[in-house]
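Colleague: Under my numbering, the residues of the sequence shown are numbered 29 to 467, in order. Yeah, the Cβ is synthetic: ideal placement off N, Cα and C, and Gly gets one too. In this text the structure is predicted, and so the values were computed from the model without any measurement.
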Amino acid sequence: MTIYAGTIIDVPGDPFAGDPTEALEADDEGALLVQDGIIRARGALAALRSAWPGEPVTRLDGGLLLPGFVDTHVHYPQMRVIGGLGLPLLDWLERCALPEEAKLADRAYARAVATEFLDGLTGSGTTSALVFGSHFPAAMDELFTQAGRRGLNLTSGLVLSDRILRPDLLNTPEAALAGSSDLISRWHDHGRLRYAVTPRFSLSASDEMLDVCAQLLGKGVWFTSHINENVAEIAQVAGLFPEARHYLDTYRRHGLVTERSVFAHNVHPDDAELATLAEHGASVSHCATSNCALGSGLFPLRRHVEHGVHVALGSDVGAGVGLFLPKEALQAYFVQQLLGPDGMSLTPVHLLYLATRAGARALGLDGQVGDFGVGKDFDAVWLRPADGSPLAVNLAHAVSPSDALARVFALATPADVTGVWIRGAQALASPGSGPSPAR
Ligand SMILES: [Zn+2]
Numbered sequence: 029m030t031i032y033a034g035t036i037i038d039v040p041g042d043p044f045a046g047d048p049t050e051a052l053e054a055d056d057e058g059a060l061l062v063q064d065g066i067i068r069a070r071g072a073l074a075a076l077r078s079a080w081p082g083e084p085v086t087r088l089d090g091g092l093l094l095p096g097f098v099d100t101h102v103h104y105p106q107m108r109v110i111g112g113l114g115l116p117l118l119d120w121l122e123r124c125a126l127p128e129e130a131k132l133a134d135r136a137y138a139r140a141v142a143t144e145f146l147d148g149l150t151g152s153g154t155t156s157a158l159v160f161g162s163h164f165p166a167a168m169d170e171l172f173t174q175a176g177r178r179g180l181n182l183t184s185g186l187v188l189s190d191r192i193l194r195p196d197l198l199n200t201p202e203a204a205l206a207g208s209s210d211l212i213s214r215w216h217d218h219g220r221l222r223y224a225v226t227p228r229f230s231l232s233a234s235d236e237m238l239d240v241c242a243q244l245l246g247k248g249v250w251f252t253s254h255i256n257e258n259v260a261e262i263a264q265v266a267g268l269f270p271e272a273r274h275y276l277d278t279y280r281r282h283g284l285v286t287e288r289s290v291f292a293h294n295v296h297p298d299d300a301e302l303a304t305l306a307e308h309g310a311s312v313s314h315c316a317t318s319n320c321a322l323g324s325g326l327f328p329l330r331r332h333v334e335h336g337v338h339v340a341l342g343s344d345v346g347a348g349v350g351l352f353l354p355k356e357a358l359q360a361y362f363v364q365q366l367l368g369p370d371g372m373s374l375t376p377v378h379l380l381y382l383a384t385r386a387g388a389r390a391l392g393l394d395g396q397v398g399d400f401g402v403g404k405d406f407d408a409v410w411l412r413p414a415d416g417s418p419l420a421v422n423l424a425h426a427v428s429p430s431d432a433l434a435r436v437f438a439l440a441t442p443a444d445v446t447g448v449w450i451r452g453a454q455a456l457a458s459p460g461s462g463p464s465p466a467r
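In structure tokens:
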């Protein structure tokens, strides 16, 4: 057993459901007792020390210990094309993303990208993710193999498309069924790995392909795709599915809107779509920097919340501008500020919730991760800024846990990620100063 001691902050409640400060849990001289990767007790350091005398204490002095971040939308094959600014979605896909994704047909290339991607996730404090995969089964084997070795909580699947995209990314519905079934049998519920059926978007997936997706979803796996990201995309989807009532209907008609479904973006939903999402318990991944970089639009969070649609955060790398979830949370805050009376004023508690527990809920993992409740996995990130840095200066002057969080969301970068634990195992690819040894 190990006792981890420091300033421990998490959001076990739902700040959208009531007073945000009541959703927050914060211990200045706090401690967690961890055994075999599971949190066995939580309390004041002095109390845990006297209850478990002789157990080693790892002191995480300075900074904050937070639950590992949960990224609900991120593209592994786009790790090398972050920063393609100045293009709207469909042009960006054609010129930046898809040529790079085609390169993952080469297994050695995919292996290298998977390593860089998973190093990047861990180095950003992300310990759970719903990952948009590759169009190539061998590239998925590379991702799952490496994520499994690292113990990451990762849900992903083969990307399916049978029209409109460049020919080397297309598969037939028959090949999609065979390839996905094989991957599901080998990787779904394999340790912390799970499978998600992943049509790229209904723009590039025919009704036959979406039928295959429904067949695969029947195996008890997860589902993810894109929706309502960009007005030109939405118009094109409407033209391709003249019988569908709206974009979401292209998925709903095939039974793909479920409690195990996560739709990325939804920047331009109509009320009927929001009602359908809520009715089926599906979640939306809000990708704020991507929406801003591609000029997709300002996310209507208030309408999602008012309709009872569950929302979490996604980095959407490579259209998003990095893997660090606090940056997404800050951008989400900016977007809501810009929406004026239509926006939701987000507190720092909302932001931490969105980056942790909301993602765990969207992925059905809130019994295991997302906060530091007793019985949960010790997935954690220690943000510990360098002495004298603007973040260190500001944390020293924070007057409350919520204020400290505000300073973190304003100023933290991946350079402040000093420790990451995945189910109790230290997991930073190249740890910085690291936690001080037990004493
Ligand atoms: Zn995406």
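(1) Using the beta-carbon count (16 or more within 10 Å), is GLN365 buried or exposed?
(2) Please confirm whether any heavy atom of ligand 1 lies closer than 7 Å to the CB of ALA292.
(3) Please report the residue range of the alpha helix (DSSP H) in which ALA59 lies.
(4) Taking a contact to mean a Cβ-Cβ separation below 8 Å, would you say ALA75 touches ALA33 in this structure?
(5) Hey, GLY91 and THR446 are a contact pair by Cβ (cut 8 Å); roughly how many whole angstroms apart?
(6) Let me know the secondary structure DSSP gives VAL39 once reduced to three states.
(7) Hey, is PHE44 close to ligand 1, as in C-beta under 7 Å from one of its heavy atoms?
(8) Which whole runs of the alpha helix (DSSP H) in the stretch 236-292 are 4 residues long or more, in chain order?
(9) So, using beta-carbon positions, are THR252 and THR286 closer together than 8 Å?
(10) Please report the distance separating the alpha-carbon of SER428 from that of LEU94.
(11) In angstroms with no decimal places, state the Cα-to-Cα distance between ILE66 and TYR137.
(12) Using DSSP bridges, identify the partner residues of SER311.
(13) What I want to know is whether the C-beta of HIS314 ends up closer than 7 Å to one or more non-hydrogen atoms of ligand 1.
(14) In three-state terms, what does DSSP make of ARG87?
(15) Going by the DSSP bridge assignment, what does ARG70 pair with across the sheet?
(16) Take every Cβ of the stretch 345-358, pair it with every Cβ of the stretch 309-324, and state whether three or more of those distances are shorter than 8 Å.
(17) What are the boundary residues of the alpha helix (DSSP H) that includes SER430?
(18) Where are the alpha helix (DSSP H) runs, 4 residues long or more, that stay fully inside the stretch 343-385, in chain order?
(19) Could you name the residues that DSSP lists as bridge partners for PHE160?
(20) Here's the rule I'm using: 16 or more other beta-carbon atoms within 10 Å means buried, otherwise exposed. How should ASP370 be labelled?
(21) Who does TYR223 pair with in a DSSP beta bridge?
(22) Leaving out five residues on either side along the sequence, give the residues of the same chain with a beta carbon under 8 Å from the beta carbon of ASP299.
(23) Does the Cβ of ASP119 lie closer than 7 Å to at least one heavy atom of ligand 1?
(24) Does GLU170 pass the burial test, meaning 16 or more other C-beta atoms within 10 Å, or should it be called exposed?
(25) Along the chain, where does the beta strand (DSSP E) that runs through GLY151 open and close?
(26) Can you pull the DSSP bridge partners for PHE505?
(27) Are ASP196 and ALA133 touching if we call contact CB-CB under 8 Å?
(28) Pairing CB atoms from the stretch 188-208 with CB atoms from the stretch 271-290, are three or more of them under 8 Å?
(29) Give the range of the beta strand (DSSP E) segment to which CYS409 is assigned.
(30) For the stretch 301-317 against the stretch 109-124, are there 3 or more C-beta pairs whose distance is under 8 Å?
Modeller: In brief:
(1) exposed
(2) Within the cutoff, so yes.
(3) Careful: ALA59 lies outside any alpha helix (DSSP H), inside the beta strand (DSSP E) at 53-63.
(4) no
(5) Yes, they are in contact, since the Cβ atoms of GLY91 and THR446 sit about 7 Å apart, within 8 Å.
(6) coil
(7) no
(8) 259-268, 275-280
(9) Not a contact, by the Cβ cut-off of 8 Å.
(10) 15 Å
(11) The straight-line gap from Cα to Cα measures roughly 36 Å.
(12) Answer by DSSP bridge pairing, in chain order: VAL290, HIS338.
(13) no
(14) strand
(15) LEU60
(16) yes
(17) 429-439
(18) 353-366, 376-383
(19) BP columns for PHE160 point to HIS103, GLY185.
(20) When all chains shown are included, ASP370 counts as exposed.
(21) As computed with DSSP, TYR223 is found in a beta bridge with SER184.
(22) ARG331, HIS335
(23) no
(24) buried
(25) Here GLY151 belongs to no beta strand (DSSP E); instead the alpha helix (DSSP H) covers 135-151.
(26) As displayed, the chain neither begins before 29 nor continues past 467, which places residue 505 out of reach and without an answer.
(27) Their beta carbons are under 8 Å apart, which means ASP196 touches ALA133 by this criterion.
(28) no
(29) The residue asked about is misnamed: residue 409 is Val in this sequence, not Cys. First-last of the beta strand (DSSP E) with VAL409: 408-411.
(30) Counting Cβ pairs under 8 Å, fewer than three are found: no touch.
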